[in-house]
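Protein chains: 2
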Amino acid sequence: MKRFKCIISYDGTHFAGYQIQPNKRTVQGELERVLANMHKGEAIRIIASGRTDAGVHAYGQVIHFDSPLHLPTDGWKKALNAMLPDDIAIREIQEVDASFHARFSAVAKEYRYKIRTAVERDVFSRHYVYHFPYPLDYDAIKQALQLVKGTHDFTSFCSAKTEIEDRVRTIYEANLLFTDDGVEFQWIGDGFLYNMVRILVGTMLEIGQGKRKWDCIPSILEGKDRRLAGKTAPPHGLYLWKVAYDN
Amino acid sequence: MKRFKCIISYDGTHFAGYQIQPNKRTVQGELERVLANMHKGEAIRIIASGRTDAGVHAYGQVIHFDSPLHLPTDGWKKALNAMLPDDIAIREIQEVDASFHARFSAVAKEYRYKIRTAVERDVFSRHYVYHFPYPLDYDAIKQALQLVKGTHDFTSFCSAKTEIEDRVRTIYEANLLFTDDGVEFQWIGDGFLYNMVRILVGTMLEIGQGKRKWDCIPSILEGKDRRLAGKTAPPHGLYLWKVAYDN
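First to last, the protein sequences are chains R and Y.
Residue numbering for the first sequence follows my numbering, beginning at 11 and increasing consecutively.
Residue numbering for the second sequence follows my numbering, beginning at 11 and increasing consecutively.
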């Protein structure tokens, strides 16, 4: 038995999310179907670094699986890409030690959130960028980003449905990048709670619009109440960008 | 009655082409349905600068229509964009003289053809860029582009099904532009025949791959036979970019 680590990208538009669900098209479902085909029907379970919601994209999701097949890694990549639907791609595959675990070995994750601020609608990016054609105070957003960096209890910035009790996470980087038609938020942290990036982005947009002051962040964090933070930004601007592991 | 000129963009992925057809989703069908709604069910016929095929995109298609409604042009734009599906957008609308005709008044058209040459598959651009991950001799392509410029009978570079008898067209510009992940062909001419840009691109790619010499162009043109030119490049890399009118 060998263990394989894959870096995959997918367009979340036509998936009901990453995680397998009966009678729904999911990324995990498509991957496991293709792996079962390669293994003469034998079920091969894959483990991802984490889930993504319906409509959320991945540029660099990481998965692992175990297989008894003897194929060169280049052969694995070609075979999988040939059988996968065209909205999932294997970017890299490598054999790893049996101690590697896509979820538990991850030490950091990066998410990106893309926003088009140009006034005109753009039909070509409608599934890949959130269109938010309103003036934004970028200085206020940058001040607020400094305040969410670091180690905090992010209860206010995750879905009220979150079941995990330990909501303390560390955000290493929270940057605002400028693009051709808007901005991109870059989030790097040791882990993110359910809807956390989307709620952080929604709150930053409210700060950018002047609906909240940039220095509201500490009191939102201290309140530990989802209702104190901003709206959840829509899924289609969000990308799981990279998952980092110790070498 | 007033005449309106609109510049529209659409994502061709989910359309059976521009032109209205029974029981198919078409750009013209969607536009005329929305206009009929705005006119209490009265049919409003729209005229475009020309058709585009299934899967072909438009960044700057031009249409015109006549209406008895009294709305400011900004009101027209907002109303139409609010009612149109999200893969069609009105970029500009203006009232024009009754002598304006989207098709017959056009003096030049620009098409772009986008190609991704990077080896890796990219799930996000799969409907918007042709993935052609092979080495290309750009100098050879540029030489060949010089030879298709000018006034020629383009019988060899249009679909064998073309019914128009006069196949003489003038190409003003035929350029190769470099992009982040590949190249883009820019074609400007007084008009293009059925499949002409896609056959020109397919031929240029064969020249770039060394399957044909760049100086094959004159003999292809002289032969006036579709079978002499290269393959028809797929529709999803093609964009009707701009239509120019005399002011």
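Where a beta carbon is used, it is the ideal one built from N, C-alpha and C, also for glycine.
N- and C-terminal bounds of the beta strand (DSSP E) containing W258/Y: No answer is possible for residue 258/Y: it lies beyond the span of chain Y, which begins at 11 and ends at 257.
Distance between G233/Y and I73/R (C-alpha atoms, nearest Å): Within the first sequence, residue 73/R is the residue found at index 63, counting from 1. Within the second sequence, residue 233/Y is the residue found at index 223, counting from 1. Between the alpha carbons of I73/R and G233/Y lies a distance of about 55 Å.
Which of helix, strand or coil DSSP assigns to H111/R: The residue given as residue 111/R occupies position 101 in the first sequence. Three-state DSSP puts H111/R in coil, outside helix and strand.
Close-in-space but distant-in-sequence residues of the same chain around T258/R (CB under 7 Å, 5 per side omitted): One cannot answer for residue 258/R here, as it falls past the ends of chain R, which runs 11 to 257.
Beta-bridge pairing of K159/R - partner residues as DSSP gives them: Within the first sequence, residue 159/R is the residue found at index 149, counting from 1. Bridge partners of K159/R: none, in fact.
Helix, strand or coil at H24/R [DSSP, three-state]: Here residue 24/R refers to the residue found at position 14 when the first sequence is read from its first residue. DSSP places H24/R in helix when its eight states are reduced to three.
D149/Y versus S109/R - alpha carbon distance: Position 139 of the second sequence, counting from 1, holds the residue named residue 149/Y. Position 99 of the first sequence, counting from 1, holds the residue named residue 109/R. Approximately 51 Å between the Cα atoms of the pair.
Within chain R, the residues that Y20/Y reaches when beta carbons sit closer than 9 Å: By one-based count along the second sequence, residue 20/Y stands at place 10. Within 9 Å Cβ-Cβ: V133.
Contact list for the segment 83 to 116 of chain R against chain Y, Cβ threshold 7 Å: N91, D96, D97, I98, A99, R101: these are the residues of the segment 83 to 116 of chain R whose beta carbon lies less than 7 Å from some beta carbon of chain Y, given in chain order.
Any C-beta of chain Y under 8 Å from that of E194/R: Against the first sequence, residue 194/R aligns to sequence position 184. No - not a single Cβ of chain Y is within 8 Å of the one on E194/R.
D84/R burial status per 10 Å Cβ neighbour count (16 or more: buried): Stepping through the first sequence from its first residue, residue 84/R is reached at position 74. By the neighbour-count criterion, in which 16 or more other beta carbons inside 10 Å mark a residue as buried, D84/R falls on the exposed side.
Residues bridged to G65/Y (per DSSP): If you number the second sequence from 1, residue 65/Y lands on position 55. Among the bridge pairs identified by DSSP, G65/Y is matched with none.
Close-in-space but distant-in-sequence residues of the same chain around K124/R (CB under 6 Å, 5 per side omitted): Position 114 of the first sequence holds residue 124/R. Here K124/R has V139, E194, G247 as same chain residues with Cβ atoms under 6 Å from its own Cβ, once five neighbours each way along the sequence are excluded.
Sufficient close CB pairs (3 or more, under 8 Å) joining the segment 153 to 165 of chain R to the segment 217 to 226 of chain R: Contact between the segment 153 to 165 of chain R and the segment 217 to 226 of chain R is present, with at least three C-beta pairs closer than 8 Å.
Members of the segment 230 to 257 of chain Y that neighbour chain R once the beta carbon cut-off is set at 8 Å: Answer in chain order: no residues at all.
Residue closest to I100/R, alpha-carbon to alpha-carbon, out of G212/R, D107/R, N91/R: Taking the first sequence and counting its residues from 1, the one referred to as residue 100/R is at position 90. Ranking G212/R, D107/R, N91/R by Cα distance to I100/R puts N91/R first.
Outcome for K241/R when other beta-carbon atoms lying within 10 angstroms are tallied against a minimum of 16: As a working mapping, residue 241/R is identified with position 231 in the first sequence. When all chains shown are included, K241/R counts as exposed.
Close beta carbons around T51/R, own chain, < 6 Å, minus the five adjacent residues each side: Numbered from 1 along the first sequence, position 41 holds the residue referred to as residue 51/R. First, the amino acid is wrong: residue 51/R is Gly here, not Thr. Result list for G51/R: empty, nothing under 6 Å.
Cβ-heavy atom distance, M214/Y to the ligand FAD, below 7 Å: Because no ligand of any kind appears in the structure shown, any question about the ligand FAD cannot be addressed here.
Strand pairing of Y121/Y, partner residues [DSSP]: The count along the second sequence starts at 1 and reaches residue 121/Y at position 111. Per DSSP, the beta-bridge partners of Y121/Y are W197/Y, L250/Y.
Expected contact under 8 Å - CB spacing of I174/Y and V158/Y to nearest Å: On the second sequence, residue 174/Y is found 164 positions in, with the first residue counted as 1. On the second sequence, residue 158/Y is found 148 positions in, with the first residue counted as 1. No, I174/Y and V158/Y are not in contact; Cβ-Cβ is about 19 Å, not under 8 Å.
Positions along the segment 16 to 44 of chain R whose CB lies within less than 7 Å of some CB in chain Y: For chain Y, the residues of the segment 16 to 44 of chain R that bring a beta carbon within less than 7 Å of one of its beta carbons are S19, Y20, D21, in chain order.
Cutoff 8 Å; reference R208/Y; Cβ partners in own chain excluding five residues on either side: Locating residue 208/Y in the second sequence gives position 198, where the first residue counts as 1. Correct list, in chain order: Y123, T242, A243, P244, P245, L248.
Inter-residue spacing [alpha-carbon to alpha-carbon] between N185/R and R126/R: For the purposes of this step, residue 185/R is identified with residue 175 of the first sequence, where counting begins at 1. For the purposes of this step, residue 126/R is identified with residue 116 of the first sequence, where counting begins at 1. Spanning the two alpha carbons is a distance of roughly 16 Å.
Members of the segment 133 to 148 of chain Y near chain R, C-beta cut-off 7 Å: Hits within the stretch, in order: V133, F134, R136, Y138.
Interface residues of chain R facing E120/Y [CB-CB closer than 8 Å]: Mapped onto the second sequence, residue 120/Y falls at position 110. Under a criterion of Cβ atoms nearer than 8 Å, no residue of chain R is adjacent to E120/Y; the nearest Cβ is some 17 Å distant.
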